[in-house]
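Residues are numbered in our numbering as their position in the sequence shown, beginning at 1, plus a constant of 12.
All C-beta atoms, glycine included, are put in the ideal place defined by N, C-alpha and C.
To keep things clear, I will list the structure first and then write my remarks on it.
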Amino acid sequence: MLIDLVKILAGLGLLVVAGDLLVKGAVNLALRLGIPALIVGLTVVAFGTSAPEMMVSVAAVLDHNPGIALGNVIGSNTANILLVIGIPAIISAIRTDTTDTRESYLLLIATSVLFILVCFMGPIRWPHAALLLGALVLILIRQGRQALAHRAQRENEEIEGVDVHMSLTKVALFIALGLVGLPFGADFLVDGASSIARAAGIPDTVIGLTLVAVGTSLPELATSVTAAVKGRADVALGNVIGSNIFNLLGIIGVAGFFGQLEVPPTMLRLDLWVMLGATLLIAPFILHRWPFTRLVGVGFTLIYAAYVAVLMTAHAG
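As C-alpha cells, then:
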C-alpha cells in the first residue's frame with residue numbers, strides 16, 4: 013500500500029512538472045519558428061495543459077483499466093467546474109462581466125451532450141473516437157477563424173511560458189523532459205491507483221473519478237488559484253471551458269483508438285449526469301453575467317464533497 017501511495021504521488025508530481033515543462037518548451041519553440049502567438053495559444057498551450065489527462069487515459073486503456081480512463085475525464089470535468097472555479101472564487105470573487113464566454117460555454121454544453129450520447133452507444137470504439145475527434149477539429153477550425161478575425165485586438169496578448177531569452181538548448185531540454193516525464197508519470201499514477209483500488213475493493217471508476225481526476229486537474233487548479241491571488245480570477249472561466257471541451261473530445265477521442273472503453277452502468281446512471289449538471293449549474297453565471305461570489309465558491313466546493321461521498325456508496329454498491 014505504501015509503495016502504491018508513493019507511486020501515485022510520484023506520478024502526480026511528474027505529470028504536473030512534465031506538463032509545465034512541455035508547455036514552456038513547446039511555446040518558446042513555436043514562437044522561435046515564427047508561428048504567431050495567437051495560434052500558439054489556441055493549439056500548443058491548449059493541448060499541452062491537457063497532456064496529463066491524455067497520458068493517464070491512454071495508459072489506463074493500455075493497462076486494461078477503462079474505468080480509470082473514463083473516470084479521469086468525467087471526474088476532471090466535474091472537478092474543473094466545482095473546484096477549479098469554486099476554490100478561486102473563495103479566494104477572490106470571479107467577475108463574468110469582463111469577458112464574454114457565452115459562445116464557448118454553449119459549445120461546452122453541446123460537447124457534453126454529444127459525449128453522453130456516445131457513452132450510451134458504448135462501448136466506445138474507434139468509430140466513436142473518430143466522431144469525437146472530428147467534432148474537436150471543427151471546433152478548433154471555428155475558433156481559429158474567429159481568433160484570426162480579431163487578431164488585431166489580441167496581438168499583444170501575453171502567453172504563459174514565454175521567455176524571449178530562453179536558449180534553444182533549454183527549449184529542447186524542456187520539451188525532452190516533458191515528453192519523457194509525462195508517460196512515466198501517467199504509468200506510475202495508473203499503476204498505483206489501480207493497485208490500491210483492487211486491494212481496498214474500490215472500483216477503478218471511483219479512483220478515476222476522484223483521486224486521478226483531481227490529480228490531473230492540478231495544473232488547471234494551480235493556474236486558476238494563482239490568477240485569483242493576482243486579482244485575475246476571471247481567467248478561470250476560459251481555462252475551465254477550454255479544458256473541458258478538449259477532455260471530452262480530444263482525450264477520449266485519442267484513447268478510443270488504443271482500445272475499447274466499456275462504460276460502467278453506474279457511470280451511465282450517475283456520473284455523466286453529475287458532470288452535465290455541474291456544466292448547467294454555471295449557466296446563469298455565464299449567460300446572465302452573474303459573479304461567482306465567495307459564497308458561491310463555498311457552495312460549489314461543498315457540492316463536490318457531497319458528490320464524492322455519494323459516488324463512493326453508489327459505485328461500491
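| said: When you compare the CB positions of Gly37 and Thr222, do they come within less than 8 Å of one another, or not? | reply: Looking up residue 37 in the sequence shown gives position 25. Looking up residue 222 in the sequence shown gives position 210. No, these two residues do not count as a Cβ contact at 8 Å.
| said: Counting C-beta neighbours from all protein chains within 10 Å, is the total for Ile15 16 or more, i.e. buried, or is it exposed? | reply: Here residue 15 is taken as the residue at index 3 of the sequence shown, counted from 1. Here Ile15 is exposed: its Cβ has fewer than 16 other Cβ atoms, across all protein chains shown, within 10 Å.
| Along the chain, where does the alpha helix (DSSP H) that runs through Asp203 open and close? | To locate residue 203, count along the sequence shown from 1; it is residue 191. Note, Asp203: alpha helix (DSSP H), Leu180 to Ala212.
| For Asn92, which residues of its own chain have a beta-carbon under 7 Å away from its beta-carbon, when the five flanking residues on both sides are left out? | Residue 92 sits at position 80 when you count from the first residue of the sequence shown. If we look at Asn92 and ignore the five residues flanking it on each side, its Cβ neighbours are Ser229, Glu232, Val252, Ser255 and Asn256.
| task | Please name the residue in Val39, Ala71 and Leu33 whose C-alpha comes closest to that of Phe270. | result | What you label residue 270 is simply residue 258 of the sequence shown in a count that begins at 1. Looking at the Cα atoms, Ala71 is the closest of the given residues.
| query | Which word fits Leu314, buried or exposed, when buried means at least 16 other C-beta atoms lie within 10 angstroms of its C-beta? | reply | Start at 1 with the first residue of the sequence shown, and residue 314 comes out as number 302. Classified as exposed, Leu314 has fewer than 16 neighbouring CB atoms from the shown chains inside 10 Å of its CB.
| query | When you compare only the Cα positions, how much space is there between Thr278 and Pro64? | reply | Position 266 of the sequence shown holds residue 278. Position 52 of the sequence shown holds residue 64. Their Cα atoms are separated by approximately 25 Å.
| task | Using only alpha-carbon positions, find the residue among Thr217, Gly98, Arg157 and Leu145 that is nearest to Ala317. | result | Within the sequence shown, residue 317 is the residue found at index 305, counting from 1. For the set Thr217, Gly98, Arg157 and Leu145, the Cα lying nearest the Cα of Ala317 is the one of Gly98.
| task | Specify the secondary structure class of Leu27 as computed by DSSP and reduced to three states. | result | The sequence position of residue 27 within the sequence shown is 15, counting from 1. Annotated three-state conformation of Leu27 is helix, per DSSP.
| task | Check whether the Cβ atoms of Val68 and Ile264 lie closer than 8 Å to each other. | result | Position 56 of the sequence shown, counted from the first residue, corresponds to residue 68. Position 252 of the sequence shown, counted from the first residue, corresponds to residue 264. It is not a contact, given that the beta carbons lie outside the stated cut-off.
| task | For Ala142, count neighbouring Cβ atoms within 10 angstroms of its own Cβ and tell me buried if that reaches 16, exposed if not. | result | Numbered from its first residue, the sequence shown carries residue 142 at position 130. Exposed is the call here.
| said: Am I right that Leu273 and Val73 are in contact with their C-beta atoms under 8 Å? What's the rounded C-beta distance? | reply: For the purposes of this step, residue 273 is taken as the residue at position 261 of the sequence shown. For the purposes of this step, residue 73 is taken as the residue at position 61 of the sequence shown. With 8 Å as the limit, Leu273 and Val73 qualify as a contact, their Cβ atoms being about 7 Å apart.
| query | Between Val29 and chain C, is there a C-beta pair that is closer than 8 Å? | reply | No chain C is present in this structure, which holds just one protein chain.
| request: Tell me, please, whether the segment 29-36 touches the segment 179-193 by the rule of three or more beta-carbon pairs shorter than 8 Å. | output: The way I'd put it, the segment 29-36 does touch the segment 179-193; three or more beta-carbon pairs between them come closer than 8 Å.
| query | Relative to the alpha-carbon of Lys182, which residue among Ile102, His140 and Asn40 has its alpha-carbon at the smallest distance? | reply | For the purposes of this step, residue 182 is taken as residue 170 along the sequence shown, with counting starting at 1. That would be Asn40, whose Cα lies nearest to the Cα of Lys182.
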